[in-house]
Amino acid sequence: MNFVEELRWRGMLHDIMPGTEEELNKKMTSGYIGFDPTADSLHVGHLTQIMTLIHFQRAGHKPVALVGGATGMVGDPSGKSAERNLLSEDVLNHNVHCLESQLKKFLDFNCGANSAEMVNNYDWFKNFTFLDFIRDVGKHLTVNYMMAKDSVKKRLEGETGMSFTEFSYQLVQGYDFYYLWKEKNCQVQMGGSDQWGNIVTGTELIRRKGSGSAFAITTQLIKKADGTKFGKTESGAVWLDPAKTSPYKFYQFWLNTTDSDAKSWIRIFTLKSQSEIEALEKEHDLAPHLRILQKALAEEITIRTHSQEALLTALKTSDFLFGNGTLEFLNSLSKEDVLEVFEGLPQFTISRNELAGGINATDLLAEKTSVFPSKGEARKMISGGGVSINKEKIADPALILNSENLINGEFLVAQKGKKNYFLISVE
RNA sequence: GGGGGGGUUCCAGAGCGGUCAAAUGGGACGGACUGUAAAUCCGUUACUUCGGUUUCGAAGGUUCGAAUCCUUCCCCCCCCA
227 MNFVEELRWR
237 GMLHDIMPGT
247 EEELNKKMTS
257 GYIGFDPTAD
267 SLHVGHLTQI
277 MTLIHFQRAG
287 HKPVALVGGA
297 TGMVGDPSGK
307 SAERNLLSED
317 VLNHNVHCLE
327 SQLKKFLDFN
337 CGANSAEMVN
347 NYDWFKNFTF
357 LDFIRDVGKH
367 LTVNYMMAKD
377 SVKKRLEGET
387 GMSFTEFSYQ
397 LVQGYDFYYL
407 WKEKNCQVQM
417 GGSDQWGNIV
427 TGTELIRRKG
437 SGSAFAITTQ
447 LIKKADGTKF
457 GKTESGAVWL
467 DPAKTSPYKF
477 YQFWLNTTDS
487 DAKSWIRIFT
497 LKSQSEIEAL
507 EKEHDLAPHL
517 RILQKALAEE
527 ITIRTHSQEA
537 LLTALKTSDF
547 LFGNGTLEFL
557 NSLSKEDVLE
567 VFEGLPQFTI
577 SRNELAGGIN
587 ATDLLAEKTS
597 VFPSKGEARK
607 MISGGGVSIN
617 KEKIADPALI
627 LNSENLINGE
637 FLVAQKGKKN
647 YFLISVE
């Protein structure tokens, strides 16, 4: 199965420039996707692009991952309703390094001819002067053409306007494509569907400035069935960096997918074959409450993004927190095992003496620890029946806790709602 | 440079001298139900030692009393040149 067919049956393909598929079938081709360093980690939203590169490589082509040290300085207006804040150079550099090391995990950089490659567009922009740029690049495209782009039109029609900086973004990205086409024979650029305009600016530049041809493929933006934004949870974005989103949270994010989303996502975010997926779906429909699809999805992505060990810890933690999580179980664990189960979950320490004297629940949760931001909120939540200590609901905000409540003589387990656990240990 | 319109609690958006910690909607969080789901219903959504205390771009002022009136400043948007 060729690359484009692969994307097609997985439901990933959004738009493809005529002639692209034929070109890819002819020979090994190199193609790139750009990632702008707007943060110090990629998040799950980037996984579609990562998977696209993986499929590209598996189909025998050469994937190039571009980290936008230069484009990140400008700010892509696509999909943004307001002007962005510029990041400082230090922050950008840091972000670029973080992204590079994350991307390395997903692709094979040492497999001969179609080894993956990593580039940073800052390398070819740092010595490009403004005058050279507007003469050599800007001259080839009209403002009329640039203004017709969706990303620009929306902002012109909108309320907040758009700086010249962001208006220029498409030229900068367009030049990237031109540069890679010229220097590295990179003929295809891929990206999310919101990138179509920017990518086409590149192929246009290649046509006009280089009299060459280049191709474009965009992938579907991931949507949730309920229309809300993909990749966000209560606690913010779901990052690929385990320090920002623990593997347990990461696993949980995927496990909590709705049935209909799971059916499309398992095609997009796993490498399972068509028949494997169909078999899983059949199994899932027979017993939806077992969430076979969600589990398969969560497991494969967690392993790819983190590791087999990280998955095991995530499973163990999930099992305790949502399965047969009893106090006896916790009591039977050693201190180290308890800490492992709670790894990646919020933890607090209080002094043993303080607890020995007795602390009321409100003070403990709002003052001694920051389970709640204020006492008022802690009180309201406790009265509303939303708080448990050691798996037992407490109803009285003034309940006094002391050393006798400790599990293993070390820990208190606080729960806000059902899903939010906090470990409080004494020292 | 000239003219106009704005900045209200997480967001959108009412309020336009006291009855305003501020309508309504959304979001978020919690409860019931459940599959750690969806839908639905209910509750909470500035801080508090529950006496009060700080909020409506910022700083002053008028008033018994201001988010609401005045002055200055900062910021945003639109139009004209």
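Under this note's numbering, the residues of the first sequence are numbered 227 to 653, in order.
Built from N, CA and C at the ideal position, the CB exists for glycine as well.
Query raised in the report: With C-beta atoms as the reference, is Lys-288 less than 9 Å away from Gly-257?
Result: yes
Query raised in the report: Rounded to a whole number of angstroms, what is the C-alpha to C-alpha distance between Ile-425 and Ala-522?
Result: For Ile-425 and Ala-522, the gap between their C-alpha atoms comes out near 34 Å.
Query raised in the report: Taking one C-beta from the segment 271–286 and one from the segment 437–453 each time, how about it: are there three or more such pairs within less than 8 Å?
Result: yes
Report task. Identify, in the order they occur along the chain, each residue of the same chain with its Cβ nearer than 8 Å to the Cβ of Lys-498, setting aside the five sequence neighbours on each side. Result -> Ile-492, Leu-506, Ala-522, Glu-526
Query raised in the report: Quick check: the segment 387–397 against the segment 326–338, are there 3 or more CB pairs under 8 Å?
Result: no
Requested in this report: From the DSSP output, in three-state form, read off Asn-370 for me.
Outcome: In the structure shown, Asn-370 falls within a helical segment according to DSSP collapsed to helix, strand and coil.
Report task. Can you grab the Cα-Cα spacing for the pair Asp-622 / Gly-612, in whole Å? Result -> Taking the Cα positions, Asp-622 is about 11 Å away from Gly-612.
Query raised in the report: Just checking my contact of Leu-553 with Ile-494 at CB under 8 Å: how many whole Å lie between their CB atoms?
Result: The pair is not a contact, with the Cβ atoms about 40 Å apart (cut-off 8 Å).
Report task. Could you pull the start and end residues of the alpha helix (DSSP H) that Ile-360 belongs to? Result -> Where Ile-360 is concerned, the enclosing alpha helix (DSSP H) stretches over 356–362.
Query raised in the report: In terms of residues, what are the limits of the beta strand (DSSP E) holding Thr-483?
Result: Where Thr-483 is concerned, there is no enclosing beta strand (DSSP E), given that its DSSP letter is neither H nor E.
Requested in this report: Specify, as a first and last residue, the run of the alpha helix (DSSP H) that Ser-501 falls within.
Outcome: 500–512
Query raised in the report: Given Val-322, which residues of its chain have a CB within under 7 Å of its CB, disregarding the five upstream and five downstream residues?
Result: Pro-263, Val-293, Gly-295, Asn-346
Query raised in the report: When the Cα atoms are used, what is the spatial distance from Gly-438 to Tyr-371?
Result: Between the alpha carbons of Gly-438 and Tyr-371 lies a gap of roughly 19 Å.
Query raised in the report: Taking the Cβ atom as the reference point for each residue, do Ile-615 and Asn-631 lie within a distance shorter than 9 Å?
Result: yes
Report task. Leaving aside the five residues before and after Lys-470 along the sequence, list all residues of the same chain whose C-beta is less than 7 Å from its C-beta, in chain order. Result -> Ser-267
Requested in this report: Rounded to whole angstroms, what's the CA-CA distance from Asp-376 to Gly-423? Just pull it up for me.
Outcome: 7 Å
Query raised in the report: Val-414: buried (16+ other C-beta within 10 angstroms of its C-beta) or exposed?
Result: buried
**Report entry** Contact belief for Asp-402 with Gly-428 at Cβ below 8 Å, rounded distance in angstroms
**Finding:** About 7 Å separates the two Cβ atoms, so the contact holds.
Query - Gly-417 versus Phe-441 - alpha carbon distance - result: 12 Å
Query raised in the report: Three-state secondary structure (DSSP) at Lys-331?
Result: coil
Requested in this report: Using only alpha-carbon positions, find the residue among Leu-537, His-320, Glu-343 that is nearest to Cys-412.
Outcome: Glu-343
Query - Secondary structure of Met-416, DSSP reduced to three states - result: strand
Query - Nearest neighbour of Val-652, chosen from Ser-558, Thr-595, Gln-478 [CA to CA] - result: Thr-595
Query raised in the report: Under the rule that 16 or more other beta-carbon atoms within 10 Å means buried, what is Lys-408, buried or exposed?
Result: exposed
**Report entry** Cβ-based burial, Gly-298 [other Cβ within 10 Å; buried from 16]
**Finding:** buried
Query raised in the report: With 16 as the cutoff for other CB atoms within 10 Å, does Lys-489 come out buried or exposed?
Result: buried
Query raised in the report: Taking C-alpha atoms, which residue in Phe-229, Phe-476, Val-369, Leu-516 lies nearest to Thr-543?
Result: Phe-476
**Report entry** Sequence-distant residues of its chain with Cβ nearer than 8 Å to Gly-237 (five each side left out)
**Finding:** Gln-446, Ser-490, Arg-493, Ile-494
**Report entry** Phe-332 vs Arg-530 beta-carbon contact at 9 Å
**Finding:** yes
Query raised in the report: Cβ of Thr-539 within 9 Å of Cβ of Glu-566?
Result: yes
**Report entry** Alpha-carbon to alpha-carbon, His-510 and Met-254
**Finding:** 38 Å
**Report entry** Limits of the alpha helix (DSSP H) - the one that Ile-448 falls within
**Finding:** Neither: Ile-448 is in no alpha helix (DSSP H) and is coded neither H nor E.
Query raised in the report: Whose CA, out of Arg-234, His-281, Ala-285, lies closest to the CA of Lys-252?
Result: The candidate whose alpha carbon is nearest that of Lys-252 is Ala-285.
Query raised in the report: In the DSSP assignment, what residue or residues form a beta bridge with Phe-637?
Result: Ile-633, Ser-651
Query raised in the report: Does DSSP put His-532 in a helix, a strand or coil?
Result: coil
Query raised in the report: Between Gln-399 and the rest of its own chain, which residues show a CB-CB distance below 6 Å, the 5 nearest in sequence each way excluded?
Result: Thr-297, Asn-424
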